[in-house]
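A.B. asks:
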């Protein structure tokens, strides 16, 4: 090897150890899952013993009404929590973006739910929703309003509320950070130009926050599609399949129904969905980058 | 009738007093420049007028109407910011028409006004560009255009040229002068650059540490600075200050200091009679020292030239006299050896006298 080609290879040589570790830690399990999804695989077998079935697992799922139901529940859950969390989180940020006494304490309190382990959140809400001893029903009964079958008839709504409680702070802190990094003078210029509080929000603040909001929303959406613990603790997917989100169905298929191949195929469907979202997010970032580059080029030509 | 009046304006942040009671009156269609070093309160004063900060004490009147309790949008002002403060997500036309669109003016009228102002400022071909796609000078023009499309009674400028490079700044300064001639509105302009202040202003207000040091026309302030601060702040190169003692008989006083002695004629002696003590500071503009090797003692000073800065039409000599630094504007082409001692004549009628204790100019001086 001559000197020049050695020089070219140097960075890759330095990267090699990290790449090997990443390959083992990341790609091996992923490959294992994809490989397993093509087999009729029982937990008592090794992967090599399991028979190859091609796309059969994927076809089964494609026609499985329970899987469809689970997918719908997941979609409903993810879309509604992200929508509501965005509204409340951004709204709170707009409301609390000011200098008032005690504001930093208030902000800290607002982000507390995010710090609690999901299992604990599930337990807290499960007890609050309890039909007889729960906070909600005792209060409403005390007020003579009767009781609500929170974790029964309204199970999906109940887990949605719990998730909103836990994850709105995430949107809140990111929106607040975005708000506080907005160019202050542009907002002042809008005030001088005659914009009311609402007009400042609508015409200046929200459009300028939009890049952060889009990425934040997509991140939250990706996360919401993978939700498991809170629902596992609160409803275990019930009653019936009413709160059986995909992650729960995957783990059940693997452990209770002992169909590892089907579970792997289901994971891959979920993975594809998440990849799609990720690609949307990265494309959005790329487009913003390109736009900024183009603007810089035009500005340089203008001089 | 003064159209903008500020009465005893005080601004406090917690316990920190930023403005200690500003009183100002601006005449109709006057170009007022607030000038002073960083932290002197000039920007704060402007922001109080704009309504971007709340007044602690005092009142601001526009046409006799108190406005300090009003929102910025109710004050009928336009403002140009130091960092342009353009709306990054709107193109030039949208930036310039934002206020008009909020007022819900008819589209036709908005377009006509934007087109007119864009024409004046040479922005017509850039109307569809976003601010990021413009050069610094163009952004500055858009910021000015945004203020001009509104038919406000008063324009506020917060150091609008300080982010531009030197060449562009000179060019924009000329454009500003044209703009004010065309508009004939009240303009209040904040800058730390005394050349901008001198060239643009009808009235200069020199501020320092939250107080007004002096206000008046550029000529008034340059010729008759009220105190050491104003004397040292206006003029490039800055005024030289020499510590001296007054000695001799009342009608033929002498001024002596480290390395010089001046004899005063009766007129100068009369001016010095107003001095509260025999200690005095003589202020001499660098342009008032004239190289003259045959100048008689008593009306001249000998300086050692340490540095000569050639600036084209003249040189600025940085000299020393009795351990103190002096600057001289030297118009002659005769080469000067560094370290050489030269004699410069000085007509005391051109000199300024200050009381070293109070820093105030010694009265009687205005008779010059």
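Residue numbers (the numbering used here), protein chains in the order written: chain A, 1 to 303; chain B, 1001 to 1368.
Cβ coordinates follow ideal geometry from the N, Cα and C atoms, glycine included.
Model, not experiment: these values are computed from the prediction.
Check distances from the C-beta atoms of the segment 207-234 of chain A to those of chain B and list, in chain order, the residues that come in under 9 Å.
C.D. replies: 207, 208 and 210
A.B. asks: Is residue 224/A closer than 8 Å to residue 82/A when the C-beta atoms are compared?
C.D. replies: Along the first chain, read from residue 1 onward, the residue named residue 82/A stands at position 82. Along the first chain, read from residue 1 onward, the residue named residue 224/A stands at position 224. Yes; because the gap between Cβ atoms is below 8 Å, this pair is in contact.
A.B. asks: What separation, rounded to the nearest whole angstrom, lies between the Cα atoms of residue 1123/B and residue 203/A?
C.D. replies: Along the second chain, read from residue 1 onward, the residue named residue 1123/B stands at position 123. Along the first chain, read from residue 1 onward, the residue named residue 203/A stands at position 203. For residue 1123/B and residue 203/A, the distance between alpha carbons rounds to 23 Å.
A.B. asks: Whose CA, out of 1348/B, 1282/B and 1192/B, lies closest to the CA of residue 1040/B?
C.D. replies: Residue mapping note: residue 1040/B aligns to position 40 of the second chain, counting from 1. For the residues 1348/B, 1282/B and 1192/B, the minimum Cα distance to residue 1040/B belongs to 1192/B.
A.B. asks: Could you say which of 126/A, 199/A, 210/A and 61/A lies nearest to residue 163/A if we only look at CA atoms?
C.D. replies: The count along the first chain starts at 1 and reaches residue 163/A at position 163. Per the Cα distances, 126/A.
A.B. asks: Closer than 8 Å, CB to CB, is residue 1085/B near chain A or not?
C.D. replies: Counting from one through the second chain, the residue named residue 1085/B turns up at place 85. Judged by the 8 Å Cβ criterion, residue 1085/B is in contact with chain A.
A.B. asks: List, in chain order, every chain A residue whose beta-carbon is nearer than 7 Å to that of residue 1072/B.
C.D. replies: Along the second chain, one-based indexing puts residue 1072/B at 72. Per Cβ cutoff of 7 Å: 191 and 192.
A.B. asks: With respect to the beta strand (DSSP E) encompassing residue 1189/B, which residues constitute its N-terminal and C-terminal limits?
C.D. replies: For the purposes of this step, residue 1189/B is identified with residue 189 of the second chain, where counting begins at 1. Counting along the chain, the beta strand (DSSP E) containing residue 1189/B begins and ends at 1186-1191.
A.B. asks: If I measure Cβ to Cβ from residue 288/A and keep anything under 8 Å in the same chain, skipping five residues before and after, which residues do I get?
C.D. replies: Taking the first chain and counting its residues from 1, the one referred to as residue 288/A is at position 288. Closer than 8 Å at the Cβ level, and outside the excluded window around residue 288/A, lie 211.
A.B. asks: Quick check: the Cα distance between residue 151/A and residue 140/A, rounded to an integer number of angstroms?
C.D. replies: Here residue 151/A refers to the residue found at position 151 when the first chain is read from its first residue. Here residue 140/A refers to the residue found at position 140 when the first chain is read from its first residue. Using only the alpha carbons, I get a separation of about 16 Å.
A.B. asks: For residue 1160/B, decide whether its Cβ has a neighbour in chain A, counting only Cβ atoms nearer than 8 Å.
C.D. replies: For the purposes of this step, residue 1160/B is taken as the residue at position 160 of the second chain. So, not an interface residue.
A.B. asks: Bridge partners of residue 1033/B, per DSSP?
C.D. replies: Along the second chain, one-based indexing puts residue 1033/B at 33. Residue 1033/B pairs with 1189/B and 1204/B.
A.B. asks: Name the residues in the segment 1111-1138 of chain B whose C-beta lies less than 9 Å from a C-beta of chain A; which are they?
C.D. replies: 1126, 1129, 1130, 1131, 1132, 1133, 1134, 1135, 1136, 1137 and 1138
A.B. asks: Give me the Cα-Cα distance between residue 251/A and residue 42/A, rounded to the nearest whole angstrom.
C.D. replies: On the first chain, position 251 is the one that residue 251/A refers to. On the first chain, position 42 is the one that residue 42/A refers to. Straight through space, the alpha carbons of residue 42/A and residue 251/A are spaced by roughly 14 Å.
A.B. asks: For the segment 161-183 of chain A, enumerate the residues whose C-beta is nearer than 9 Å to any C-beta of chain B, in chain order.
C.D. replies: 183
A.B. asks: Using beta carbons (cut-off 8 Å, strictly below), is residue 298/A in contact with chain B?
C.D. replies: The residue labelled residue 298/A in the question sits at position 298 within the first chain. Yes, its Cβ sits closer than 8 Å to a Cβ of chain B.
A.B. asks: Give me, in chain order, the residues of the same chain whose beta-carbon lies closer than 8 Å to that of residue 1332/B; leave out the 5 immediate sequence neighbours on both sides.
C.D. replies: As a working note, residue 1332/B is residue 332 in the second chain. Same-chain partners within the cutoff: 1291.
A.B. asks: Grouping DSSP H, G and I as helix and E and B as strand, with all else coil, what is residue 256/A?
C.D. replies: Translated into positions along the first chain, residue 256/A becomes position 256. Residue state, collapsed to three classes: coil.
A.B. asks: Return yes when the Cβ of residue 1042/B is within less than 8 Å of the Cβ of residue 1190/B, no when it is not.
C.D. replies: If you number the second chain from 1, residue 1190/B lands on position 190. If you number the second chain from 1, residue 1042/B lands on position 42. Yes, the pair counts as a contact, with Cβ atoms nearer than the cut-off.
A.B. asks: When DSSP builds the beta bridges, which residues end up paired with residue 1282/B?
C.D. replies: Numbered from its first residue, the second chain carries residue 1282/B at position 282. Secondary-structure assignment with DSSP links residue 1282/B through a beta bridge to 1242/B and 1353/B.
A.B. asks: So, residue 1183/B versus residue 1142/B, is the Cβ gap smaller than 8 Å?
C.D. replies: Against the second chain, residue 1183/B aligns to sequence position 183. Against the second chain, residue 1142/B aligns to sequence position 142. Not in contact: residue 1183/B and residue 1142/B (Cβ atoms no closer than 8 Å).
A.B. asks: Counting contacts by CB-CB distance shorter than 8 Å, is residue 204/A in contact with chain B?
C.D. replies: Against the first chain, residue 204/A aligns to sequence position 204. Closer than 8 Å to some Cβ of chain B, the Cβ of residue 204/A qualifies, so yes.
A.B. asks: Residue 170/A and residue 92/A - do their beta-carbons sit closer together than 8 Å?
C.D. replies: If you number the first chain from 1, residue 92/A lands on position 92. If you number the first chain from 1, residue 170/A lands on position 170. No. Outside cutoff.
A.B. asks: Can you tell me whether DSSP reads residue 235/A as helix, strand or coil?
C.D. replies: For the purposes of this step, residue 235/A is taken as residue 235 along the first chain, with counting starting at 1. Note: residue 235/A maps to coil in three-state DSSP.
A.B. asks: Consult DSSP for residue 1290/B and reduce its assignment to one of helix, strand or coil.
C.D. replies: Here residue 1290/B refers to the residue found at position 290 when the second chain is read from its first residue. Strand at residue 1290/B.
A.B. asks: Contact check, residue 1262/B vs residue 1348/B under 8 Å by CB: the rounded distance?
C.D. replies: Counted from its first residue, the second chain places residue 1262/B at position 262. Counted from its first residue, the second chain places residue 1348/B at position 348. Sure, about 6 Å apart at Cβ, within 8 Å.
A.B. asks: In chain order, what residues of the same chain have a beta carbon less than 6 Å from the beta carbon of residue 1307/B, not counting five sequence neighbours either side?
C.D. replies: In the second chain, residue 1307/B corresponds to position 307, counting from 1. If we look at residue 1307/B and ignore the five residues flanking it on each side, its Cβ neighbours are 1318.
A.B. asks: Please report how far the alpha carbon of residue 999/B lies from the alpha carbon of residue 1032/B, in whole angstroms.
C.D. replies: Absent from the structure is residue 999/B, since the part of chain B shown begins at 1001 and ends at 1368.
A.B. asks: What separation, rounded to the nearest whole angstrom, lies between the Cα atoms of residue 262/A and residue 158/A?
C.D. replies: Here residue 262/A refers to the residue found at position 262 when the first chain is read from its first residue. Here residue 158/A refers to the residue found at position 158 when the first chain is read from its first residue. Using only the alpha carbons, I get a separation of about 29 Å.
A.B. asks: Expressed to the nearest angstrom, what Euclidean distance is found between the alpha-carbon atoms of residue 1366/B and residue 1013/B?
C.D. replies: Taking the second chain and counting its residues from 1, the one referred to as residue 1366/B is at position 366. Taking the second chain and counting its residues from 1, the one referred to as residue 1013/B is at position 13. For residue 1366/B, the pLDDT reaches just 43, beneath the cut-off of 50, and the residue's location in the model is therefore unreliable, although a value from the coordinates is still provided. In a straight line, the C-alpha of residue 1366/B is about 39 Å away from that of residue 1013/B.
A.B. asks: Please confirm if the segment 69-78 of chain A is in contact with the segment 225-241 of chain A, defined as three or more CB-CB distances below 8 Å between the two stretches.
C.D. replies: yes
A.B. asks: Figure out for me which residue from 1236/B, 1251/B and 1213/B has the closest Cα to the Cα of residue 1361/B.
C.D. replies: Within the second chain, residue 1361/B is the residue found at index 361, counting from 1. Residue 1361/B has its Cα closest to that of 1213/B, out of 1236/B, 1251/B and 1213/B.
A.B. asks: Does chain A have any CB closer than 8 Å to the CB of residue 1008/B?
C.D. replies: As a working note, residue 1008/B is residue 8 in the second chain. With 8 Å as the cut-off, residue 1008/B does not count as an interface residue toward chain A.
A.B. asks: Taking 8 Å as the CB-CB limit, is residue 185/A close to chain B?
C.D. replies: For the purposes of this step, residue 185/A is identified with residue 185 of the first chain, where counting begins at 1. With 8 Å as the cut-off, residue 185/A counts as an interface residue toward chain B.
A.B. asks: For residue 1295/B versus residue 1345/B, is the C-beta distance shorter than 8 Å?
C.D. replies: Locating residue 1295/B in the second chain gives position 295, where the first residue counts as 1. Locating residue 1345/B in the second chain gives position 345, where the first residue counts as 1. Cβ atoms of residue 1295/B and residue 1345/B: closer than 8 Å.
A.B. asks: Spell out a yes or no on whether the segment 1201-1220 of chain B and the segment 1228-1238 of chain B are touching, meaning 3 or more CB-CB pairs, one atom from each, closer than 8 Å.
C.D. replies: yes
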